[in-house]
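First the structure, in the form of structure tokens, and then the observations on it.
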């Protein structure tokens, strides 16, 4: 069977049974990839209602989201090793079963560390299922393995499913209950298992490669470091930062964990992140840039939510209307990145400048529009610009990362990239904005509160409760505008730096090697190490 499998072109998808029509085979994988990414709606769409009906705080549920994203980020270096060890059907069925069980268990777990562990495992299963689907249809999407085609289309699946899951979660919460979102995710995972059982078969394109040489302890240490940093910044405002002994002790634990990670990286034969991976030119600037971009875009989860909820008092079905321009922005941004990088072959750095320009439009638009007197439709354009910029920058940064690195270290760098992209940038930015609100809101109340005393002392009739009811939202509105303004200044400064340095990373995109070459290179690296030993 292995000899026959080697002669079959990968894009013919022989992993499907013969009765499945050729035309619909890739679309089955697209559908399954969408369903895996849909599980993010469990955390994004049901947050507010879960807070009201459970004993969990907002920080607890946000930590569930960060644990889920951390599981996705840390699993990247293991994706190809799993693909070379197990069949496609085993991986997809295992991933769907993992997501199904985690979604069924999560609502019944009250002990937070166990809940976070379940969310972490669910993230690993989600990225495994998505990767297996998208890698199987990569040659259908781009027969030449061109990443300027693959990454924009990949982000349509990932970012588009996030917006659609948020819309679905809002509708289910409004008409039914937040539990129905979990039941829906469990239902579509059961559909996935049924389709995979009936329509696919176990298939290998190459000889099975054992799971030796993987630094499992290193993976655990890096995962612990990521979760500890996420906990520090997520709960920082709740514990009053380093005034609390809890966070002081956690900071020492983070330092010790980091030293263990670095020490293991330089002492073991096959570390989880190899030291050579950090030496590639332009890697550190890309990692810094994606962290700053995520910090800018964290305003969505702090300032936008405060403005829509506390100032405008919008309900769920009103707020969710912003998901439609966000979805349009995602599709437009991915297609624009495809047109820029693949069709026109323009400079990648200038595409990053375009993405930063979109963030500036979003931040400055919110600064000028935030008011108690506007209609929600006036926020459509800033939200569109935000999603457009996010899609453009995500696809561009991943393409640039693949450009500057050999494939041997690409997935290791992709793991670090997503640790910053999905977890650390967002949680650090959210902590900064939360701290900014904690400073500006009391300061503005103290400054403008003198107006109440002057009106009261002037002998005019004044309804204090009514005045306070309108006064506090106005102070919150002013505070949100101030932080939007400072964030816009920072983004404009970064934008000007890019205008001063306008040069391409590369002019020609290199090809991704075939799976057979990748497997041969991995096996060869272990053989060389064994010979030296």
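Numbering (our numbering), first residue to last: 1082 to 1614.
We put the CB at the ideal spot given by N, CA and C, even for glycine.
Sub-7 Å separation of residue 1154 and residue 1486 beta-carbons: Residue numbering aside, residue 1154 sits at position 73 when the chain shown is read from its first letter. Residue numbering aside, residue 1486 sits at position 405 when the chain shown is read from its first letter. No, the pair does not count as a contact, with Cβ atoms beyond the cut-off.
Reference residue 1336, options 1295, 1225 and 1313, closest by Cα: By 1-based counting over the chain shown, the position of residue 1336 is 255. Among 1295, 1225 and 1313, the Cα nearest to that of residue 1336 belongs to 1313.
Contacts around residue 1356, its chain only, beta-carbon distance under 7 Å, and the 5 residues preceding and following it disregarded: Along the chain shown, one-based indexing puts residue 1356 at 275. Excluding positions up to five away in sequence, the list reads 1346 and 1347.
Of the residues 1579, 1301, 1203 and 1269, the one placed nearest residue 1339, counting alpha carbons only: As a first step, residue 1339 is located in the chain shown; it is residue number 258 there, counting from the start. Minimum Cα distance to residue 1339 is reached at 1301.
CB contact flag (residue 1430, residue 1576, <7 Å): For the purposes of this step, residue 1430 is taken as the residue at position 349 of the chain shown. For the purposes of this step, residue 1576 is taken as the residue at position 495 of the chain shown. Against a cut-off of 7 Å, the Cβ pair of residue 1576 and residue 1430 comes out as no contact.
Own chain, CB closer than 7 Å to residue 1515, minus 5 neighbours either side, in chain order: Here residue 1515 is taken as the residue at index 434 of the chain shown, counted from 1. If we look at residue 1515 and ignore the five residues flanking it on each side, its Cβ neighbours are 1318 and 1383.
Per-residue burial, residue 1149 [other beta carbons within 10 Å of its own, 16 or more giving buried]: Residue numbering aside, residue 1149 sits at position 68 when the chain shown is read from its first letter. Buried, by the Cβ-count rule.
Every unbroken alpha helix (DSSP H) within the segment 1482-1528, with a cutoff of 4 residues, ordered by chain: Taking only runs of at least 4 residues, the alpha helix (DSSP H) segments lying wholly in the segment 1482-1528 are 1488-1499.
For residue 1441, the first and last residue of its enclosing alpha helix (DSSP H): Position 360 of the chain shown, counted from the start, is the residue given in the question as residue 1441. It spans 1429-1450 - the alpha helix (DSSP H) in which residue 1441 sits, taken as one unbroken run.
Rounded C-alpha distance that separates residue 1496 from residue 1194: The residue given as residue 1496 occupies position 415 in the chain shown. The residue given as residue 1194 occupies position 113 in the chain shown. So the two alpha carbons sit approximately 23 Å from each other.
Residue interval of the alpha helix (DSSP H) (run including residue 1233): Residue numbering aside, residue 1233 sits at position 152 when the chain shown is read from its first letter. Run containing residue 1233: 1228-1256, per the alpha helix (DSSP H) assignment.
Residue 1568, DSSP secondary structure in three states: Working through the chain shown from its first residue, we reach residue 1568 at position 487. Residue 1568 falls in the helix class under three-state DSSP.
Contacts around residue 1453, its chain only, beta-carbon distance under 8 Å, and the 5 residues preceding and following it disregarded: As a first step, residue 1453 must be located in the chain shown, where it is residue number 372. The answer, listed in chain order, is 1392, 1393, 1554, 1555 and 1558.
Cβ contact (3+ pairs, closer than 8 Å) linking the segment 1461-1480 and the segment 1100-1116: No contact exists between the segment 1461-1480 and the segment 1100-1116.
Contact under 7 Å by Cβ, residue 1354 with residue 1493: Walking along the chain shown from the start, residue 1354 turns up at place 273. Walking along the chain shown from the start, residue 1493 turns up at place 412. Yes, the pair counts as a contact, with Cβ atoms nearer than the cut-off.
Integer-rounded CB distance, given that residue 1440 should sit under 8 Å from residue 1370: Position 289 of the chain shown, counted from the start, is the residue given in the question as residue 1370. Position 359 of the chain shown, counted from the start, is the residue given in the question as residue 1440. Between residue 1440 and residue 1370 the Cβ distance is about 12 Å, and since that is not below 8 Å, they are no contact.
Straight-line Cα distance separating residue 1232 from residue 1259: As a working mapping, residue 1259 is identified with position 178 in the chain shown. As a working mapping, residue 1232 is identified with position 151 in the chain shown. If you take the alpha carbons of residue 1259 and residue 1232, they lie about 33 Å apart.
DSSP three-state assignment for residue 1287, whether helix, strand or coil: For this step, residue 1287 is matched to residue 206 along the chain shown. Residue 1287 falls in the coil class under three-state DSSP.
Residue 1560 beta carbon less than 7 Å from that of residue 1529: What you label residue 1529 is simply residue 448 of the chain shown in a count that begins at 1. What you label residue 1560 is simply residue 479 of the chain shown in a count that begins at 1. No. Outside cutoff.
C-beta contact flag for residue 1152 and residue 1210 at 7 Å: For the purposes of this step, residue 1152 is identified with residue 71 of the chain shown, where counting begins at 1. For the purposes of this step, residue 1210 is identified with residue 129 of the chain shown, where counting begins at 1. Not a contact, by the Cβ cut-off of 7 Å.
Given residue 1184 as reference, the closest of 1344, 1569, 1512 and 1264 once Cα atoms are compared: For the purposes of this step, residue 1184 is taken as residue 103 along the chain shown, with counting starting at 1. Put simply, of 1344, 1569, 1512 and 1264 the residue whose alpha carbon is nearest the alpha carbon of residue 1184 is 1264.
Within 7 Å, strictly: CB atoms of residue 1273 and residue 1404: If you number the chain shown from 1, residue 1273 lands on position 192. If you number the chain shown from 1, residue 1404 lands on position 323. Not closer than 7 Å, so no.
Terminal residues of the alpha helix (DSSP H) in which residue 1459 lies: Residue mapping note: residue 1459 aligns to position 378 of the chain shown, counting from 1. Taken as a continuous stretch (DSSP letters only), residue 1459 belongs to no alpha helix (DSSP H), as it is neither H nor E.
Sequence-distant residues of the same chain with beta carbon closer than 7 Å to residue 1402, five excluded per side: Mapped onto the chain shown, residue 1402 falls at position 321. Excluding positions up to five away in sequence, the list reads 1457.
Buried versus exposed, by CB contacts within 10 Å (16 or more), residue 1236: Taking the chain shown and counting its residues from 1, one reaches residue 1236 at position 155. Buried.
Spatially closest choice to residue 1422 from 1411, 1396, 1477 and 1449, by CA coordinates: To locate residue 1422, count along the chain shown from 1; it is residue 341. Nearest to residue 1422 by alpha-carbon distance, out of 1411, 1396, 1477 and 1449, is 1477.
Coarse secondary structure for residue 1281, derived from DSSP in three states: In the chain shown, residue 1281 corresponds to position 200, counting from 1. DSSP places residue 1281 in strand when its eight states are reduced to three.
Residue 1125 - DSSP class collapsed to helix/strand/coil: As a working note, residue 1125 is residue 44 in the chain shown. With a pLDDT of only 48 at residue 1125, under the threshold of 50, the placement of this residue in the model should not be trusted, and no figure is reported.
Segment limits, alpha helix (DSSP H) that includes residue 1108: As a position in the chain shown, residue 1108 is number 27, starting the count at 1. Residues 1106-1119.
At least 3 beta-carbon pairs within less than 8 Å: the segment 1100-1112 vs the segment 1289-1303: no
Test item: CB-CB of residue 1470 and residue 1415 under 7 Å: The residue labelled residue 1470 in the question sits at position 389 within the chain shown. The residue labelled residue 1415 in the question sits at position 334 within the chain shown. No, they are not a contact pair.
Length of the line joining the Cα atoms of residue 1396 and residue 1199: Numbered from its first residue, the chain shown carries residue 1396 at position 315. Numbered from its first residue, the chain shown carries residue 1199 at position 118. Taking the straight line joining both Cα atoms gives about 30 Å.
Segment limits, alpha helix (DSSP H) that includes residue 1177: Along the chain shown, one-based indexing puts residue 1177 at 96. 1169-1186 is the extent of the alpha helix (DSSP H) around residue 1177.
Any alpha helix (DSSP H) of 4 or more consecutive residues that is wholly inside the segment 1345-1410: Segments of the alpha helix (DSSP H) lying fully in the segment 1345-1410: 1364-1378, 1384-1387 and 1397-1400.
From 1216, 1188, 1181 and 1158, residue whose alpha carbon lies closest to that of residue 1094: Position 13 of the chain shown, counting from 1, holds the residue named residue 1094. Comparing C-alpha distances from residue 1094 to each of 1216, 1188, 1181 and 1158 shows the shortest one belongs to 1216.
From 1102, 1350 and 1191, residue whose alpha carbon lies closest to that of residue 1294: Within the chain shown, numbered from 1, the residue matching residue 1294 stands at position 213. Among 1102, 1350 and 1191, the Cα nearest to that of residue 1294 is on 1350.
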